[in-house]
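Undergrad: With positions in the sequence shown counted from 1, the corresponding number in our numbering is that position plus 7. Don't be surprised by glycine CBs; every beta carbon is placed ideally from N, CA and C.
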Amino acid sequence: MNLDQAMRLAMKEALKGAPFVSPNPRVGCVILGSKGELLSTGYHKKFGEAHAEVEALKSLTFDQLKGAHVIVTLEPCAHEGKTPSCAQALARLPIKKVTFGLVDPNPLVAGQGAQILRAAGIEAEEYQGDLKVGLEETCEEFLWNQRYQKVFVALKVAQSLDGKIALANGESKWITGHESRQKVHELRAQYDAILVGKNTILIDNPSLNIRQPGIQKENKVVILDRSGEILKIKDQLKIFQVHKPENVIVSSCPDLETVLKEIYHLGIRSILVEGGGQIYSSFISQGLVQRLHLFTAPIILGQGIGWTDKINLPHIKNKIQVDFTDSYVTGTLSVTKR
Ligand code: AOF
Ligand code: ZN
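1) Cβ of A196 within 8 Å of Cβ of I230?
2) Closest to V77 by C-alpha separation, out of N9, E148, F54, would be which residue?
3) Under 5 Å from any heavy atom of the ligand ZN, by CB: list those residues in chain order, please.
4) Using a Cβ-Cβ cutoff of less than 7 Å, which residues in the same chain neighbour D232 once the five nearest sequence positions on both sides are dropped?
5) Could you give the distance in angstroms between the alpha-carbon of L142 and the alpha-carbon of V110?
6) Return helix, strand or coil for S277, following the three-state DSSP convention.
7) What residue does the alpha helix (DSSP H) around A75 start on, and which one ends it?
8) Taking the continuous alpha helix (DSSP H) assigned at E269, which residues delimit it?
9) Is any heavy atom in the ligand AOF found nearer than 7 Å to the beta carbon of L64?
10) From the DSSP output, in three-state form, read off H322 for me.
11) Just grab the DSSP bridge partners of L45 for me.
12) Using the rule of at least 16 other Cβ atoms within 10 Å of the residue's Cβ for burial, across every protein chain shown, is S167 buried or exposed?
13) Alpha carbons only, please: which of P30, R188, M18 is nearest the one belonging to Y134?
14) So, V28 versus L162, is the Cβ gap smaller than 8 Å?
15) Helix, strand or coil for K104? Go by DSSP, reduced to three states.
16) Could you please give the first and the last residue of the uninterrupted beta strand (DSSP E) stretch that includes S292?
17) For the putative contact between P83 and G120, defined by C-beta atoms under 8 Å, what is the C-beta separation to the nearest angstrom?
Here it is, written out as structure tokens:
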């Protein structure tokens, strides 16, 4: 197995931890034997529990590790935190080399993990290949939090082909199919909280919980409601029946950046914004969005509510550029005539 294959596998491992590691990063690890053969894999499963390297090491003997190559998506930690230092643990083993995907920006680590390894006579190298962008994405919320001490904001939009999220009368249920609805539940689990505007609650009366077999997780919901309407009709709203009171945060603050600061202080490090149109538009026009999860159904809704309706750009030069790191497909579609 070559380095890129091993790193890709380590990234895949890292993602398995997605619902449970926050505010820690998703980290995956692959160990190759002295002949390049795959010995083991591991990932950080849950906040406060063993790190990826320790998971990958636990099935291996000292002898198997002679001349081994450890490939890990993030620099092994230098510090003793909730768990012992991975760099120190690796330094005691007869491994030859560690390749790590990214330097850990955590000031307790930041290059010191690599130093510990080198001091023990182990080669420690930062990966410089084609998977660098993918590696950043693997733990993008963590990197954002560490670099800026800010909440990572992702938008989840389910739209029609013509960019609508609802009809003019507000009707919107089931724009997308079964598969994308399932994906939405996985996404919800990946973020610390879901954020919606009060109109979404009043019109759709959603539960906004995680209904995905295999993911047992109580999520948090942040509702933006300047008027205080929501709390007056609490008894009629599913959201208050499905979630524990402490997991539903209703904010009447009109300023999004202030809301984000407040929830950061409550320990929320990432959010998935789920609507509606006004909220999406505000987050985007204020430049507060780091990732867009866009689900497009092969339907045309015509007049209705778009998710960008409230964005008002004075000139084409003010257009909002979006980077597609995944492949984005455009093409021709056959439209059934009835
Ligand atoms: C690694 N491997 O799998 C993870 C790392 O409190 P602790 O002990 O869990 O440490 C958390 C910090 O360790 C976290 O902020 C990040 O810098 C690093 N996470 N490091 O070598 C892992 N999850
Ligand atoms: Zn560690």
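TA: According to the structure data:
1) no
2) N9
3) H58, C84, C93
4) K205, V257, S259
5) 11 Å
6) strand
7) That residue, A75, is in no alpha helix (DSSP H); it is neither H nor E in DSSP.
8) 263-272
9) no
10) coil
11) L39
12) buried
13) M18
14) no
15) strand
16) That residue, S292, is in no beta strand (DSSP E); its alpha helix (DSSP H) goes 284-292.
17) 4 Å
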